[in-house]
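Going by this note's numbering, the sequence shown wraps up at 175, each residue one higher than the last.
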Amino acid sequence: DVVGMSTVPENIVARHMNMDVLGVSVITDECFPDSLVPADINDIIKTANEAQPKLTLLMKRVVEKL
Numbered sequence: 110d111v112v113g114m115s116t117v118p119e120n121i122v123a124r125h126m127n128m129d130v131l132g133v134s135v136i137t138d139e140c141f142p143d144s145l146v147p148a149d150i151n152d153i154i155k156t157a158n159e160a161q162p163k164l165t166l167l168m169k170r171v172v173e174k175l
């Protein structure tokens, strides 16, 4: 299971405006209950930057199919 920071509220607002929605999230921080450590913003940014090329390619391919 994953807890997102903004995906659900943004989707609720978009649907309220009758917009079609595709939710995509990148997990940048793992919080395991048995080994909690404070989040490190540098690690979060590094993970997001590593995911960016794959996410960009995915979105380009999705848009091509629309």
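Ideal Cβ placement from N, Cα and C applies to all residues, glycine included.
What span of residues does the alpha helix (DSSP H) with residue 148 cover, start to end?
Where residue 148 is concerned, there is no enclosing alpha helix (DSSP H), given that its DSSP letter is neither H nor E.
Excluding sequence positions up to five away, which residues of its chain have a Cβ less than 8 Å from the Cβ of residue 124?
The answer, listed in chain order, is 130.
Using the Cα positions of residue 120 and residue 126, report the straight-line distance between them to the nearest angstrom.
Cα to Cα, the separation comes out at about 10 Å.
Is the region 148-158 touching the region 166-174 in the sense that three or more CB pairs, one from each, lie closer than 8 Å?
Result no; under three Cβ-Cβ pairs closer than 8 Å.
In whole angstroms, give me the CA-to-CA distance for residue 160 and residue 152.
Cα to Cα, residue 160 sits roughly 12 Å from residue 152.
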